[in-house]
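Q: One line per chain: the protein sequences are A and B, in this order. Quick note on numbering: numbering that gives the first Met the number 0 labels position 39 of the first sequence as 38, and the sequence is numbered without any gaps. Quick note on numbering: numbering that gives the first Met the number 0 labels position 98 of the second sequence as 97, and the sequence is numbered without any gaps. Where is the CB? At the ideal position from N, CA and C, for every residue including glycine.
Number of protein chains: 2
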Amino acid sequence: MPKSLPAIELSGALCCPPVAAGVVSDADALEVALRLKALADPVRIKLLSFVLASGSGGVRNVDLARELHLTDATVSHHLGQLSRAGLLVATRQGASTYYAADRVALGALVRALDPDCC
Amino acid sequence: MPKSLPAIELSGALCCPPVAAGVVSDADALEVALRLKALADPVRIKLLSFVLASGSGGVRNVDLARELHLTDATVSHHLGQLSRAGLLVATRQGASTYYAADRVALGALVRALDPDCC
DNA sequence: CTAGTTCCTCGACATATGTCAAGGGCAGTG
DNA sequence: CACTGCCCTTGACATATGTCGAGGAACTAG
């Protein structure tokens, strides 16, 4: 990955086919890789697990920052990555923004990688 | 990920628990993140798909390099990443090294992320 | 032995990434 | 209005990452 990054919008369904079912196209490989990249960080794994554990109500930036001992700027950065990958959904409520996990998107990504799927 | 990289050996089983089942420990988050990082690259996704598509016999470096239009050095680098993450197993045979996918490891990783698992 | 494969390692380079401090924009409150 | 809390953006920095060319080690073929 020497060159330009994606600038791709990550929203599509992305069902089962990819990696285990025959050779993957460049485009599909990129799609999957981008979503994985969004997840491939210990902080973001913890963030996701916190968000998942907090039900569908959602969690706020500050709370996560306090929990993980990070700056709100840093947490905002990570939440942005996850949101742009479609793994989190942010809903503004007054001054606060609540982040919730998109279980469907996460499930789709997982299934795209599952060697036992399909 | 500002600081030191892992130097962790990635071989353990890593079954279901992690991300969807309550808050994840720092260690677990790191384990999962490292394996995901090994996968979070379009080239490596394509590599894995090629290897998976080639059955258990395994594929050689050169063939993959030709297929992906990359240097053997680059492919070697990527294969190393995947191997160190435990997702590929390399078996030397004379002058050639055959790489095969470890479906169990891949499955374990996938299940660790599956929000519908367990 | 010589020549050709195959693979890996090393060094170098450009680019991407994670983190923070600083600062600004909103929303709610006194 | 002023003040506080929350969130995001920007700029800066160190570090990590992907890619290649060059070269060496180990095996194979002639």
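(1) Can you name the residues of chain B whose CB is closer than 8 Å to the CB of L69/A?
(2) Smallest Cα separation from Y97/B: which of A104/B, Q80/B, A89/B?
(3) Taking the alpha carbon of E30/A as the reference point, which residue from R83/A, L87/A, A99/A has its own alpha carbon closest?
(4) Residues of chain B with a CB under 9 Å from the CB of S48/A: which are they?
(5) Assign V50/A to one of two classes, buried (16 or more other C-beta atoms within 10 Å of its C-beta) or exposed (fewer than that).
(6) Along chain B, which residues have their Cβ under 9 Å away from the Cβ of L86/A?
(7) State the Cα-Cα distance for the pair A32/B and A39/A, rounded to the nearest angstrom.
(8) Alpha carbon to alpha carbon, how far is S48/B from P41/A? Give it in angstroms, no decimals.
(9) Whose Cβ in chain B lies nearer than 8 Å to the Cβ of A52/A?
(10) What residues of chain B sit near G106/A, judged by a beta carbon separation below 8 Å?
(11) Residues of chain A with CB closer than 7 Å to the CB of A32/B, please, in chain order.
A: To lay it out plainly:
(1) As a first step, residue 69/A must be located in the first sequence, where it is residue number 70. Counting only Cβ-Cβ distances below 8 Å, L69/A has no contacts in chain B at all, with the closest Cβ about 10 Å away.
(2) What you label residue 97/B is simply residue 98 of the second sequence in a count that begins at 1. Out of A104/B, Q80/B, A89/B, A89/B has the C-alpha closest to the C-alpha of Y97/B.
(3) What you label residue 30/A is simply residue 31 of the first sequence in a count that begins at 1. E30/A has its Cα closest to that of R83/A, out of R83/A, L87/A, A99/A.
(4) Numbered from its first residue, the first sequence carries residue 48/A at position 49. By Cβ distance, chain B contributes P17, V18, A19, A20, G21, V22, V23, D27, A28.
(5) Taking the first sequence and counting its residues from 1, one reaches residue 50/A at position 51. Within a 10 Å sphere around the beta-carbon of V50/A sit 16 or more other beta-carbons, which makes this residue buried.
(6) Here residue 86/A corresponds to residue number 87 of the first sequence, with the count starting at 1. Neighbours of L86/A in chain B, taken as residues whose beta carbon is under 9 Å from its own, are absent, since the nearest beta carbon is some 10 Å off.
(7) As a working note, residue 32/B is residue 33 in the second sequence. As a working note, residue 39/A is residue 40 in the first sequence. One C-alpha to the other measures close to 5 Å.
(8) For the purposes of this step, residue 41/A is identified with residue 42 of the first sequence, where counting begins at 1. For the purposes of this step, residue 48/B is identified with residue 49 of the second sequence, where counting begins at 1. A direct Cα-Cα distance of roughly 25 Å separates P41/A from S48/B.
(9) Position 53 of the first sequence, counting from 1, holds the residue named residue 52/A. Here the neighbours are G21, V22.
(10) Residue numbering aside, residue 106/A sits at position 107 when the first sequence is read from its first letter. Listed along chain B are D113, P114, D115, each with a C-beta nearer than 8 Å to that of G106/A.
(11) On the second sequence, position 33 is the one that residue 32/B refers to. For A32/B, the chain A residues whose C-beta falls within less than 7 Å of its own C-beta are A39, D40, P41, I44, listed in chain order.
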